[in-house]
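**Student:**
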Amino acid sequence: MLDIKLIREQPEYVKQQLARFAFDPTLVDQVLSFDEARRRQVRTVEELKARRNSVSKAISKMSDPAERATHIAEMRTVGDEISALDRDLAQIEEGQRAVMLEIRNMPHPDVPDGRDDSENPVIYQEGEERTLPFPAKPHWELAEQLGIINFEQGIKLAGSRFYVMRGMGARLQRATIQWLLDLHGRQGYEEVYTPFVVKEQALWAAGQLPKFRDNLYRDEESGLWLVPTAEVPITSLYSDEILTAEQLPIYHVAYTPCFRKEQLSAGRDVRGIKRGHQFDKVEMYMFETAERSYAALEKLRRDAEECCRLLGLSFRTKLLCTGDIGFGSAKTYDVEVWAPGQGEWLEVSSCSNVEAFQARRANLRYRPEPGARPEFLHTLNGSGLGLPRTIIALMETYQQVDGSIVVPEVLRPYMGGTEVIGKE
RNA sequence: GGGGAGAUGACGGAGCGGUUGAACGUGCUCGUCUCGAAAACGAGUAGGGUGUAAAAAGCCCUCGGGAGUUCGAAUCUCCCUCUCCCCGCCA
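Read in order, the letters of the first sequence correspond to residues 1184 to 1607 in our numbering.
1) By the 10 Å Cβ neighbour count, where 16 or more other Cβ atoms means buried, how is Gln1430 classified, buried or exposed?
2) Does the Cβ of Ser1246 have 16 or more other Cβ atoms within 10 Å, making it buried, or fewer, making it exposed?
3) Straight-line CA distance for Arg1287 to Phe1206?
4) Hey, out of Pro1194, Thr1227 and Glu1230, whose CA is closest to Gln1213's CA?
5) Curious, which full-length beta strand (DSSP E) runs of at least 3 residues does the stretch 1281-1358 contain?
6) Are Val1238 and Leu1268 closer than 8 Å when you measure CB to CB?
7) Taking the Cβ atom as the reference point for each residue, do Val1415 and Phe1442 lie within a distance shorter than 8 Å?
8) Give the DSSP bridge partners of Leu1409, in chain order.
9) Would you call the stretch 1554-1565 and the stretch 1294-1308 touching, i.e. three or more CB-CB distances under 8 Å?
10) Does the beta-carbon distance from Ile1575 to His1322 come in below 8 Å?
11) By alpha-carbon positions, which one of Gly1350, Pro1591 and Thr1580 ends up nearest to Glu1327?
12) In terms of residues, what are the limits of the alpha helix (DSSP H) holding Lys1240?
13) If distances are taken between C-alpha atoms only, which option among Leu1426, Met1469, Leu1392 and Ser1448 comes closest to Ala1437?
14) Quickly, what does DSSP pair Leu1386 with across the bridge? List them, please.
15) Are Leu1189 and Gln1224 close, meaning C-beta to C-beta below 8 Å?
16) I'd like to check one pair, Asn1303 with Cys1504: are the Cβ atoms closer than 8 Å?
17) Answer with buried or exposed for Arg1226, where buried requires no fewer than 16 other C-beta atoms within 10 angstroms of its C-beta.
18) Pick out the complete beta strand (DSSP E) segments inside the stretch 1499-1569, 3 residues or longer, and give them in chain order.
19) Would Ser1512 and Gly1565 qualify as a contact pair, given that the criterion is a beta-carbon distance under 8 Å?
20) Spatial neighbours of Thr1439 within its chain, please: C-beta separation below 8 Å, excluding the five flanking residues on both sides.
21) Can we say the stretch 1353-1367 touches the stretch 1484-1503, given the rule of at least three CB pairs closer than 8 Å?
22) Could you say which of Gln1446, Arg1572 and Ala1388 lies nearest to Leu1529 if we only look at CA atoms?
23) Closest by CA to Val1537, which one among Thr1260, Gly1390 and Leu1201?
24) Using the Cβ count rule (16 or more neighbours within 10 Å means buried), how would you classify Phe1317?
25) Measure the alpha-carbon distance for Arg1485 versus Phe1345 and round it to whole angstroms.
26) Name the two residues that bound the continuous alpha helix (DSSP H) containing Glu1414.
27) Report the option in Thr1500, Tyr1434, Asp1218 and Leu1201 whose CA atom is closest to the CA atom of Val1375.
28) If I measure Cβ to Cβ from Glu1579 and keep anything under 8 Å in the same chain, skipping five residues before and after, which residues do I get?
29) Which same chain residues end up closer than 7 Å to Tyr1372 when comparing Cβ atoms and leaving out the 5 residues on each side of it in sequence?
30) For Tyr1196, count neighbouring C-beta atoms within 10 Å of its own C-beta (all shown protein chains included) and say buried if the count is 16 or more, exposed if not.
31) Have a look at Phe1204 and Lys1514 and give me their C-alpha separation to the nearest angstrom.
32) For Lys1482, does the count of other Cβ atoms within 10 angstroms reach 16, so buried, or fall short, so exposed?
33) I'd like to check one pair, Leu1568 with Leu1363: are the Cβ atoms closer than 8 Å?
34) Beta-carbon within less than 7 Å of Ala1202's beta-carbon, same chain only, minus the 5 sequence neighbours each way: which residues are those?
35) Which whole-angstrom value describes the C-beta separation of Ser1476 and Leu1563, a residue pair presumed to lie in contact below a C-beta threshold of 8 Å?
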């Protein structure tokens, strides 16, 4: 959610920023007219309420029954008026909020204009688009041959875009999760384990709703939704709270499975494990002050890159342009790793500073000084990392000519010392 | 699933339907005292909205959430949510 004061005071600036996206600027005008109507309404209702309060108080002191009756009758009318006006006001407020929730975040000045993901500039790269000294296989071939991923069983159990990881495949993923959590712990993130289902409000707070409604799994009976990312529960961890300055910053890391219907990308990436309905992810999340949030974004990005570096993968970092940046984000870096089998870069992390966008939705504030007014926090999120694509890159990068896979050194302690995943 | 108890400010804990946005206590902040500290004493200590160039004053709303009764509700009624205790059931 944007700051209503900013919209009110600099509507042209807001429109101009939003115009950099394919975004309907009339929403801003809608907000403005709601806001004006709202304030007008508030003034008239409050005037009436003030009158009722003072007259009611006076009534309690009146001794003359006739005078008393006159005033009570008068206040009865005023009371009816007030409830009618209050009803209208509630409608106006609801209307305004509904539009506010539809408006995306504004971009940071660094964000370049661009049509789509092809126009995201690469700002950093480490390692090459390496080729192997033999014909590299895609991960689904390697995994099937080694018996570490079974696609048929996934389909049998839950349908397309599901798979079953087995043996050393399952173990490799679990080892990677463990290693990532430990690494981020050393980088200063406190581990949290959250529910994997949340109330609807949490999805609004994180900005998943309204946009991704069709992409989310939901249990009608309980009204709970499966999380599409750990970002969702963590965003609401401190919602409706006022944190103290000493508590900040708060850095969290969480492992969760993620559930996405992927209807928006039907037909894309159907082979392998690149895009499933259920996948695992380790997520980093930061609660920061406005002053520090962009410095924190750089740490977040470096911490994500460090995962790739230590795993020995080629990686590069892109700055997302206006055509590709997410709904809630002010500035986003994508970190991609090279997968030699398919010869493509895979996004394993997306690091965003959403500024106060989520904090306003979640009503998440902090008090800069004792006694000072509460201010909205800035929040940041970044994967560290998404598991399937990391596993793809590992398998395709570390495959050997015989189809076996060398385990990266950092993961070996987490795999009981296993150095190579070969055929049983 | 059945029965009972409860939800008030940072915390504890009062609160006949009418100067109660809320006693009292604790905590916290500032001040007096002190070489300093403790103690004691004094003052202050919610959030949102409106208002304002920005503040401030003033005004409005908020005592788990919502609806209602009333001239007036923290106090009365109804619904919901959550917490605690007992019994049953299942992991």
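Using N, Cα and C, we set each Cβ at its ideal position, and we do this for glycine too.
**Tutor:** On the basis of the coordinates in this document:
1) Position 247 of the first sequence holds residue 1430. Exposed is the call here.
2) Along the first sequence, read from residue 1 onward, the residue named residue 1246 stands at position 63. Ser1246 comes out exposed.
3) Here the question's residue 1287 lines up with position 104 in the first sequence. Here the question's residue 1206 lines up with position 23 in the first sequence. Spanning the two alpha carbons is a distance of roughly 8 Å.
4) As a working mapping, residue 1213 is identified with position 30 in the first sequence. Nearest C-alpha to Gln1213: Pro1194.
5) 1305-1309
6) Start at 1 with the first residue of the first sequence, and residue 1238 comes out as number 55. Start at 1 with the first residue of the first sequence, and residue 1268 comes out as number 85. Contact: no.
7) Reading the first sequence from its first residue, position 232 is the one you call residue 1415. Reading the first sequence from its first residue, position 259 is the one you call residue 1442. No. Outside cutoff.
8) To locate residue 1409, count along the first sequence from 1; it is residue 226. Beta-bridge pairing links Leu1409 to Val1380.
9) no
10) Here the question's residue 1575 lines up with position 392 in the first sequence. Here the question's residue 1322 lines up with position 139 in the first sequence. In this structure, His1322 lies closer than 8 Å to Ile1575 by Cβ.
11) Residue numbering aside, residue 1327 sits at position 144 when the first sequence is read from its first letter. Out of Gly1350, Pro1591 and Thr1580, Gly1350 has the C-alpha closest to the C-alpha of Glu1327.
12) As a position in the first sequence, residue 1240 is number 57, starting the count at 1. It spans Thr1209 to Ile1242 - the alpha helix (DSSP H) in which Lys1240 sits, taken as one unbroken run.
13) Within the first sequence, residue 1437 is the residue found at index 254, counting from 1. When each option's Cα is compared against that of Ala1437, the closest is Met1469.
14) By one-based count along the first sequence, residue 1386 stands at place 203. DSSP lists no partner for Leu1386.
15) Position 6 of the first sequence, counted from the first residue, corresponds to residue 1189. Position 41 of the first sequence, counted from the first residue, corresponds to residue 1224. In this structure, Gln1224 does not lie closer than 8 Å to Leu1189 by Cβ.
16) On the first sequence, position 321 is the one that residue 1504 refers to. On the first sequence, position 120 is the one that residue 1303 refers to. For Cys1504 and Asn1303, yes; Cβs fall inside 8 Å.
17) Against the first sequence, residue 1226 aligns to sequence position 43. The residue is exposed, with fewer than 16 neighbouring Cβ atoms inside 10 Å.
18) 1514-1522, 1527-1536, 1548-1550 and 1561-1569
19) Taking the first residue of the first sequence as 1, we reach residue 1512 at position 329. Taking the first residue of the first sequence as 1, we reach residue 1565 at position 382. No, the pair does not count as a contact, with Cβ atoms beyond the cut-off.
20) Within the first sequence, the letter at position 256 stands for residue 1439. So the qualifying residues of the chain are Thr1377, Phe1379, Val1410, Thr1412, Ala1413, Pro1416, Asp1463, Lys1464 and Glu1466.
21) yes
22) Here residue 1529 refers to the residue found at position 346 when the first sequence is read from its first residue. For the residues Gln1446, Arg1572 and Ala1388, the minimum Cα distance to Leu1529 belongs to Arg1572.
23) By 1-based counting over the first sequence, the position of residue 1537 is 354. Looking at the Cα atoms, Gly1390 is the closest of the given residues.
24) As a first step, residue 1317 is located in the first sequence; it is residue number 134 there, counting from the start. The residue is exposed, with fewer than 16 neighbouring Cβ atoms inside 10 Å.
25) Residue mapping note: residue 1485 aligns to position 302 of the first sequence, counting from 1. Residue mapping note: residue 1345 aligns to position 162 of the first sequence, counting from 1. Each residue's Cα considered, the two are about 32 Å apart.
26) Reading the first sequence from its first residue, position 231 is the one you call residue 1414. Where Glu1414 is concerned, the enclosing alpha helix (DSSP H) stretches over Glu1414 to Thr1418.
27) Position 192 of the first sequence, counted from the start, is the residue given in the question as residue 1375. Closest by alpha carbon: Tyr1434.
28) As a working mapping, residue 1579 is identified with position 396 in the first sequence. Result list for Glu1579: Ala1319, Lys1320, Pro1321, His1322, Leu1325, Ala1522, Pro1523, Gly1524 and Gln1525, in chain order.
29) On the first sequence, residue 1372 is found 189 positions in, with the first residue counted as 1. Correct list, in chain order: Tyr1434, His1435, Val1436 and Met1467.
30) For the purposes of this step, residue 1196 is taken as the residue at position 13 of the first sequence. Burial call: exposed.
31) For this step, residue 1204 is matched to residue 21 along the first sequence. For this step, residue 1514 is matched to residue 331 along the first sequence. About 14 Å.
32) Residue numbering aside, residue 1482 sits at position 299 when the first sequence is read from its first letter. Buried is the call here.
33) For the purposes of this step, residue 1363 is identified with residue 180 of the first sequence, where counting begins at 1. For the purposes of this step, residue 1568 is identified with residue 385 of the first sequence, where counting begins at 1. Yes; because the gap between Cβ atoms is below 8 Å, this pair is in contact.
34) Locating residue 1202 in the first sequence gives position 19, counting from the first residue. Hits under 7 Å: Pro1208.
35) Here the question's residue 1476 lines up with position 293 in the first sequence. Here the question's residue 1563 lines up with position 380 in the first sequence. About 6 Å; that satisfies the 8 Å criterion.
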